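Residue numbers (the numbering used here): 962 to 1188.
1. Is residue 1083 near the ligand ADP - that is, is its Cβ less than 6 angstroms away from at least one heavy atom of it?
2. Roughly how many angstroms lie between the CA atoms of residue 1002 and residue 1099, to the nearest whole one?
3. Which residue spans inside the stretch 1087-1136 form an unbroken alpha helix (DSSP H) run of at least 4?
4. Counting Cβ pairs, one atom from each stretch, are 3 or more of them under 8 angstroms apart for the stretch 1102-1117 and the stretch 1125-1145?
5. Do you know offhand how far residue 1068's Cα is from residue 1182's?
6. In three-state DSSP terms, what is residue 1014?
7. What are the complete alpha helix (DSSP H) segments, minimum 4 residues, inside the stretch 964-1002?
8. Exposed or buried, what is residue 977 when buried is set at 16 or more other beta-carbons lying within 10 Å of its beta-carbon?
9. What would DSSP say about residue 1004, mapped onto helix, strand or coil?
10. Under 7 angstroms between the Cβ atoms of residue 1118 and residue 1104?
11. Use the C-beta contact count for residue 1016: other C-beta atoms within 10 angstroms, 16 or more gives buried, fewer gives exposed.
12. Is the separation between the beta-carbon of residue 1158 and that of residue 1166 shorter than 7 angstroms?
13. In or out: residue 929 buried (at least 16 other Cβ within 10 Å) or exposed?
14. To the nearest angstrom, how far is it from the Cα of residue 1093 to the Cα of residue 1179?
15. Start and end of the beta strand (DSSP E) containing residue 1066?
16. Can you name the residues that DSSP bridges to residue 1085?
17. Name the DSSP bridge partner or partners of residue 1150?
18. If you count every other CB in all the chains shown that lies within 10 Å of the CB of residue 1168, and 16 or more means buried, which is it?
19. Please return the same chain residues whose Cβ sits closer than 6 angstroms to the Cβ of residue 993, not counting the five positions on each side in sequence.
20. For residue 1160, write down the residues that DSSP places opposite it in a beta bridge.
21. Residue 1145 to residue 1185, Cα distance in whole Å?
22. If I follow the unbroken beta strand (DSSP E) through residue 1141, where does it start and stop?
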């Protein structure tokens, strides 16, 4: 059973592929569903993929394939409602083996410095250790800049982020600034204001109103490649 938005997106993708042979862009999907940001589309696509309705085709632009459609008689569930059989058949999670990994989307680059363009389309996928992930939806971003070096985050590192819209003061987050720019910073709550702190004295702390910052996710891991 799909949520209404999941159902709307699946049918939009299906109709567009049937008409043109190409899946719609993230901007087209965002506009069709009247969503404020593309991050909502990423969440819907991941949910549809997990439920077996969509498949991502590697190494191709607009790489979505509809693998099945919901039955016509199936009602659309309200958001965030679990199907009864999901509860009945749920099994306790077993500890992950040390070498188990999960494929996580790489969404582009994130600035650890002056904010850059908001999170981009999926450009790749990366195998991340299960022990680093835990529950929830995750994505990976490549770090660009040096403002978080005293937190051990270097230019060229890959940060693993758990998608969430809330964070505690002091946590390192991916923050969307004024709906346009994304940055990696430590979030501090200062009364009614929100501060985005760098971990490099060369960069100043930036202060925003609560309506100017949208938390996209929290840092849960770091991957560094040595060449």
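Glycine included, C-beta positions come from ideal geometry on N, C-alpha and C. Just so we're clear, the structure is a prediction, and the values are computed from it rather than from any experiment.
Taking the coordinates as given:
1. With respect to the ligand ADP, the structure offers nothing, as it holds no ligand at all.
2. So the alpha carbons of these two residues sit roughly 14 angstroms apart.
3. 1091-1094
4. yes
5. 15 angstroms
6. coil
7. 965-981, 987-994
8. buried
9. In this structure, residue 1004 counts as helix in the three-state DSSP scheme.
10. Contact flag set, yes.
11. exposed
12. yes
13. Residue 929 is absent from the model: the chain starts at 962 and stops at 1188.
14. Their backbone Cα atoms lie some 13 angstroms apart in a straight line.
15. 1062-1072
16. 1067
17. 1155
18. Burial call: exposed.
19. 973
20. DSSP, once it has assigned bridges, lists no residue as partnering residue 1160.
21. 16 angstroms
22. Segment: none, residue 1141 is in no beta strand (DSSP E) and carries neither H nor E.
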